[in-house]
Amino acid sequence: MSVSDANTFCFQLSEIVRSKDEIGFTKIFNPEELEENEYNSLVDNLNSLDDEIIRQIIDSFPNLELYENFIITYFGLVKNWDYNDYEKLFELYRKLYTDYMKVFSYPWQIFLLKSLSRSIIQLAYLCDLSPQNLGKKKSKIEEASRLFSSMFNSVVNDRESLEISKKMGAYFIANLAFKTYFKLNNLNLCQSFIQKLRQYDLDKENFYKFPISDQVTYSYYIGRLDLLNSNIINAEKHLNYAYTNCLNGNDFFKNKKLIFLYLTVVRLIMGKFPKEILLRKYGYYEYFYDLIQAIKQGNFKIYNTILNERLDWYIKTGIYLILKKQMEALMFRNLFSKVFKITAIGKNPMISYYSLLKAFKFVGLNDYDLDDIECVAVSLIQKGYMNAYVNNETQLIILSRKLPFPNPYVTNY
Amino acid sequence: MDENNNNPIDEDDDFEDFPVEEWEVPKDQDDSQYWENNWDDSDIDDEFSKQLRAELQKKSDSGSKK
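Each protein sequence line maps, in turn, to chains A and B. Under UniProt numbering, the residues of the first sequence are numbered 1 to 413, in order. Under UniProt numbering, the residues of the second sequence are numbered 1 to 66, in order.
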């Protein structure tokens, strides 16, 4: 494809639009597709023509009328292209993206939508995450998030039936928006996307009509949101869906590793543990193996030591608070269970508050007294972790003979 | 910018663009055999349990209410 001036450009484009050529449509609006001599020739030509003439050239092709502003903006991008100035490029693409919102109408145009969206986020990252901008406000990523939000609103608002509609780009845009929100550590606006997807009937059965890559990515982000909101059951559902539907190959590994990380955290809370082989496969052995042993034992001292030793990593991955707070119940259950196994003798299964107190101190829980122990016991009973009743007078916990400590995973989930 | 549409400075914690849009998920991808949820914590021969047992068997001052 040789595009050396405005006229040949429009001629090519007119043909592409007529034949709904999604790949051609994407390439023609990408300056990087031009050979150097083509590029120079085009720029020279554009610089020699004033806007009025350019508009006339565009309008001489009847099927390009709708694209007039978009084309002019694109020509501006071509003329001002500067490999070295990311901020400038971002501005040029921002304008192009905004103009595309008014043009984008058909599924065959989704390919270009994705290409432009990727350019936006790549440039935003290049601007904000460059070494000289480290620590500064991520203003371009914020700008990108606003652009995705606007694009999303224009995408979902389409009356055509799903498969022939621009709505098929909805999850792709939503996922990019989520990516920016997670990067900015500001997740409040995720909710409005979730609501709109529901409102425009793009969830439930229709979710599965979208590309599997969109489904997996979306499930990952939603699962993480669920986890942060302590919706453990939904978190497991979504992260497991992402995990089982993400392929195992090298090209998928980075994503699968991330999915596995958060799925592991959810399942730890539920009482289901990845075996060593999985931890090694994904490179998380050092962060979870010893932690899991501590959880199984109810060993708060070791557990907290490990968390503190690798604090930076647990914080960076956003799991520190969850691990600190949400594991308590399960660990109390395991400690009680250990004490029971060690001390219970004879026909009447019971544990004394006093034994528990000693055990608590042994694992570094020094601020608990006998009343606190009773409270913990009652809480475990209420949660279904322990089948027992407490006797305050005798300071004993009387346990069910048959199943004093049901399997936590099976019971609660 | 990268032809493969991989973000040039995606960080470790960034979920990437997948290399393809659609794929078939093979039936044998289920790895549930590598997750344990039937763990029987009746193992009391490990080091921790032994130490805990020793601690529980110690004669000591009486427990006190605060």
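Backbone N, C-alpha and C fix where the C-beta goes; we use that ideal spot for every residue, glycine too.
Does residue 1/B come within less than 8 Å of chain A when only Cβ atoms are used? Model confidence at residue 1/B stands at a pLDDT of 42, short of 50, so the residue's coordinates are unreliable; what they give is reported in the following sentence. Answer yes: the Cβ-Cβ gap between residue 1/B and chain A drops below 8 Å somewhere.
Leaving out five residues before and five after residue 143/A in sequence, what residues of the same chain have Cβ atoms less than 8 Å from its Cβ? 90, 94, 124
Using the rule of at least 16 other Cβ atoms within 10 Å of the residue's Cβ for burial, across every protein chain shown, is residue 83/A buried or exposed? exposed
Could you tell me the boundaries of the alpha helix (DSSP H) in which residue 416/A lies? The question about residue 416/A has no answer, for chain A in this structure spans 1 to 413.
Roughly how many angstroms lie between the CA atoms of residue 133/A and residue 183/A, to the nearest whole one? 15 Å
Listed by chain order, chain E residues near residue 30/B by CB distance under 9 Å: In the structure shown, chain E cannot be found, because the protein chains are A and B.
At the 8 Å Cβ level, is residue 13/B part of the contact set with chain A, yes or no? yes
Does DSSP put residue 108/A in a helix, a strand or coil? helix
Please classify residue 413/A: does DSSP put it in a helix, a strand, or coil? coil
First and last residue of the alpha helix (DSSP H) that includes residue 289/A? 285-297
Residue(s) in a DSSP beta bridge with residue 352/A: 396/A
Helix, strand or coil for residue 35/B per DSSP? strand
In chain order, what residues of the same chain have a beta carbon less than 8 Å from the beta carbon of residue 400/A, not counting five sequence neighbours either side? 349, 387, 388
Look up residue 274/A in the DSSP assignment and say whether it is helix, strand or coil. strand
Option nearest residue 382/A by Cα separation, candidates 394/A, 330/A, 341/A, 359/A: 330/A
Residue 236/A: buried (16+ other C-beta within 10 angstroms of its C-beta) or exposed? buried
Grouping DSSP H, G and I as helix and E and B as strand, with all else coil, what is residue 344/A? coil
Nearest-angstrom Cα separation, counted from residue 34/A out to residue 290/A: 55 Å
Output, in chain order, the set of chain B residues within a Cβ distance shorter than 8 Å of residue 217/A. 15, 18
Measuring CA to CA, which of 175/A, 368/A, 244/A is closest to residue 28/B? 244/A
What would DSSP say about residue 391/A, mapped onto helix, strand or coil? strand
Chain B partners of residue 179/A, CB-CB under 8 Å? 14, 15
So, with DSSP's three-state summary, where would you put residue 157/A? coil
Distance between residue 41/A and residue 4/A (C-alpha atoms, nearest Å): 5 Å
Just curious, the alpha helix (DSSP H) that residue 313/A is in, first and last residue? 311-316
Counting only Cβ pairs nearer than 7 Å, list the residues of chain B close to residue 112/A. What residue 112/A touches in chain B: nothing, since even the nearest Cβ is about 13 Å away.
Considering Cα atoms alone, identify which of 108/A, 377/A, 385/A, 328/A is closest to residue 352/A. 377/A
If the cut is a Cβ gap below 9 Å, which residues of chain B does residue 267/A touch? 35, 37
Taking all protein chains shown into account, decide if residue 312/A is buried (16 or more other Cβ within 10 angstroms of its Cβ) or exposed. exposed
Quick test of your reading: residue 177/A and residue 213/A, contact by CB under 8 Å. State the CB separation rounded to the nearest angstrom. That belief does not hold up - the Cβ atoms of residue 177/A and residue 213/A are roughly 16 Å apart, past 8 Å.
Residues of chain B with CB closer than 9 Å to the CB of residue 359/A, please, in chain order. 52, 55, 56
Beta carbon proximity, residue 254/A to chain B, threshold 8 Å: yes
Going along the chain, which residues of its own chain have a beta-carbon closer than 7 Å to the beta-carbon of residue 300/A, five neighbours each way excluded? 331, 363, 364, 365
Does any C-beta atom of chain B lie closer than 8 Å to the C-beta of residue 402/A? no
Indicate whether residue 120/A and residue 86/A have their beta-carbon atoms separated by less than 8 Å. no
What does the alpha-carbon distance come out to for the pair residue 16/A and residue 65/A? 14 Å
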